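Participant:
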Amino acid sequence: MGEKPKLILCILLLITLAEMLAMIIVDIVFRHSSFCLRFALIDSLLLVIIICPFLYHWIIKKKREKDKVIKELQLLASAIEQSSETVVITGSDGDIVYINPAFERTTGFTKNEVIGKNPRILKSGKHEHEYFTELWRTISNGKVWRGRLINKKKDGSLYEDDTVIAPVKDKNGNIVNYVAVRRDITEKLNMENRLRQAHKMEAMGQLAGGVAHDFNNLLTLISGYNDLLAEELPPDSPLSRFVKEIKKASDSAAELTRKLLAFSRQQVLNQKILNLNEVITETMTMLGRLIGKNIQIETSLDPSLKIILADKGQLEQILMNLTINARDAMPEGGQLFISTKNTWLNNCELKKTELNAGPGEYTELSVKDTGTGMDKQTLALIFEPFFTTKEPGKGTGLGLSTVYGIVKQNNGCIQVDSEPGKGTTFRIYLPVSATKK
Ligand SMILES: Nc1ncnc2c1ncn2[C@@H]1O[C@H](COP(=O)(O)OP(=O)(O)OP(=O)(O)O)[C@@H](O)[C@H]1O
Ligand SMILES: [Mg+2]
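Mind the numbering: the sequence shown is residues 4 to 440 in this note's numbering, read in order.
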């Protein structure tokens with residue numbers, strides 16, 4: 004039994020006792036008191052005894068109802084507190100009066116930092132002023148607003164959420180609060196983007212592969228007839244010059260088709276059990292020559308590196324393309340770090356990579372430079388064939404597409420970290436081979 008009903012019962016008991024006492028006193032003091040007075044006293048005593056159980060039941064019922072409401076409120080409160088969706092309640096003036104822990108997790112702001120402030124502290128500047136005017140018009144007219152908002156976290160990074168803002172009204176229909184429920188969909192949008200990008204690359208690969216294939220057949224004919232022509236011409240013929248030019252051009256065209264075929268994963272493979280460290284060591288002399296003297300190369304190769312099943316020529320292609328790109332990003336000189344190690348990629352880490360490889364054991368090849376770095380827009384396009392930021396004639400935009408195709412053909416994945424002015428790191432993950440060397 005709760006404290007209040009106990010107290011009321013005690014009071015009633017005291018009253019009854021007091022009445023009995025009063026009756027005794029009346030009896031003693033007014034020995035000859037009237038029957039009416041005695042009757043009135045007994046009557047009131049009986050009345051109290053009769054009313055008591057009803058009163059008790061009424062009090063208990065009220066208490067139960069109150070307990071039920073409290074329980075429901077507690078349930079609601081803990082649901083909101085534990086919800087993965089962020090909940091923000093503001094007063095009618097728009098100032099925040101409540102946030103749930105999901106809000107703190109998503110935005111990085113603590114309760115103390117936001118209570119009493121306006122939700123515009125999350126403003127990212129990505130929406131027009133009219134967008135918010137419309138939002139306020141809707142909710143202050145008592146309607147529910149649904150939409151997508153790009154917000155800014157405490158650390159300055161942006162996130163996107165699906166938002167529902169509803170006004171809360173009192174008995175008289177006046178708006179007293181606004182409740183905003185928001186679901187962070189940044190990860191979902193990233194996934195969609197990755198999927199769209201993967202489909203786009205797949206379609207490009209098919210197109211590029213098809214063109215490269217037919218083009219290659221024609222090229223074989225051109226260079227074949229060119230070779231015949233060269234044989235037919237007398238050595239001192241003035242036409243030999245033209246034949247040589249045709250040969251040079253068709254060699255360049257063959258190199259181009261080779262890259263396109265690599266991108267579309269149609270290169271003929273010569274896969275062998277390999278140690279990536281050995282391939283790097285053998286290629287180092289050539290890489291050193293490629294980059295020139297103003298760039299220092301440092302290597303850190305894991306001696307316990309596991310073996311992989313790959314085409315040595317393709318690995319050399321990856322190393323060369325990444326090294327040339329790093330060189331081009333460091334025109335004033337810099338440092339190039341090439342390292343290897345064994346690693347385990349789980350689903351979470353794989354989300355940060357290009358290509359859809361499965362979780363498992365990988366060898367990691369990391370090529371890091373101290374060059375110009377790239378902004379987000381450039382980063383989004385680097386693997387697309389023919390994307391280049393280099394001057395015409397300086398780059399075909401097929402280097403990284405080739406790397407992409409090769410890594411995909413080998414069931415690996417790529418991760419790129421780059422920021423303008425802070426250099427670039429390419430990490431290539433190739434699956435460890437189950438076969439022993
Ligand atoms: N290490 C890097 N640092 C800065 N930017 C890079 C780096 N690697 C690649 N890029 C950017 O990515 C673009 C595409 O690279 P990719 O290797 O595919 O083509 P390219 O180097 O321009 O031409 P190609 O390799 O065909 O001669 C480059 O033009 C450059 O803008
Ligand atoms: Mg390149």
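A virtual CB, placed ideally from N, CA and C, is assigned to each residue, including glycine.
In this text the structure is predicted, and so the values were computed from the model without any measurement.
Quick one: is the Cβ of Gly396 within less than 6 Å of any heavy atom of ligand 2?
Facilitator: Because no heavy atom of ligand 2 lies under 6 Å away, the Cβ of Gly396 does not count as near it: no.
Participant: Closest by CA to Tyr59, which one among Leu16, Asp254 and Glu319?
Facilitator: Minimum Cα distance to Tyr59 is reached at Leu16.
Participant: Alpha carbon to alpha carbon, how far is Met287 from Ile118?
Facilitator: Looking at the two C-alpha atoms, the distance is approximately 59 Å.
Participant: Would you call the CB atoms of Ile385 and Leu403 closer than 7 Å?
Facilitator: For Ile385 and Leu403, yes; Cβs fall inside 7 Å.
Participant: Could you say which of Asn121, Asn180, His130 and Phe106 lies nearest to Ile142 if we only look at CA atoms?
Facilitator: Per the Cα distances, Asn180.
Participant: I'd like to confirm something about Asn328: is its beta-carbon nearer than 6 Å to some heavy atom of ligand 2, or not?
Facilitator: Asn328 Cβ: within cutoff of ligand 2.
Participant: Of all the beta strand (DSSP E) runs that stay within the bounds of the segment 103-188, which reach a length of 3 or more residues?
Facilitator: Runs of the beta strand (DSSP E) inside the segment 103-188: 148-155, 161-172 and 178-187.
Participant: Assign Ser87 to buried or exposed, taking buried as 16 or more other Cβ atoms, counted over all protein chains shown, within 10 Å of its Cβ.
Facilitator: Looking at its Cβ environment, which holds fewer than 16 other Cβ atoms inside 10 Å, Ser87 is exposed.
Participant: Pair every Cβ in the segment 223-242 with every Cβ in the segment 373-389, then say whether three or more of these pairs are closer than 8 Å.
Facilitator: Because the criterion of three Cβ pairs below 8 Å is not met, the segment 223-242 and the segment 373-389 do not touch.
Participant: What residue range is occupied by the uninterrupted beta strand (DSSP E) comprising Asp372?
Facilitator: Start and end: Gly363 to Asp372.
Participant: Please state whether DSSP places Thr346 in a helix, a strand or coil.
Facilitator: Note: Thr346 maps to strand in three-state DSSP.
Participant: Can you check DSSP and say which residues form a bridge with Tyr432?
Facilitator: For Tyr432, which the question treats as bridged, DSSP gives the partners Glu367 and Cys416.
Participant: Would you kindly work out how many angstroms separate the C-alpha atoms of Asp254 and Thr166, rounded to a whole number?
Facilitator: Taking the straight line joining both Cα atoms gives about 58 Å.
Participant: To the nearest angstrom, how far is the alpha carbon of Thr109 from that of Arg67?
Facilitator: Distance between the alpha carbons of Thr109 and Arg67 is about 39 Å.
Participant: Throw me the rounded Cβ distance for the Met323 and Gly374 pair, which I believe falls under 8 Å.
Facilitator: Not really, about 17 Å apart at Cβ, beyond 8 Å.
Participant: Regarding Gly402 and ligand 2, is the C-beta to nearest heavy atom distance less than 6 Å?
Facilitator: Under cutoff, so the answer is yes.
Participant: In terms of DSSP beta bridges, what is Ala313 paired with?
Facilitator: BP columns for Ala313 point to Lys275.
Participant: Assuming Glu364 and Asn345 are in contact, meaning their beta carbons sit under 8 Å apart, how far apart are those beta carbons, in whole angstroms?
Facilitator: Glu364 to Asn345, Cβ: 7 Å. Contact.
Participant: Please indicate yes or no: does the CB of Ala332 lie closer than 6 Å to some heavy atom of ligand 1?
Facilitator: At least one heavy atom of ligand 1 is nearer than 6 Å to the Cβ of Ala332, so yes.
Participant: Which word fits Asp164, buried or exposed, when buried means at least 16 other C-beta atoms lie within 10 angstroms of its C-beta?
Facilitator: Its Cβ being crowded by 16 or more others within 10 Å, Asp164 is buried.
Participant: Is the beta carbon of Asp372 within less than 6 Å of some heavy atom of ligand 1?
Facilitator: Within the cutoff, so yes.
Participant: Going by other Cβ atoms of all chains shown within 10 Å of its Cβ, with 16 needed for buried, is Asp187 buried or exposed?
Facilitator: Burial call: buried.
Participant: Which of the three DSSP states, helix, strand or coil, is assigned to Gly337?
Facilitator: Here Gly337 sits in strand by DSSP.
Participant: Determine the closest residue to Leu318 out of Asn413, Glu75 and Pro170, with distance taken between C-alpha atoms.
Facilitator: Among Asn413, Glu75 and Pro170, the Cα nearest to that of Leu318 is on Asn413.
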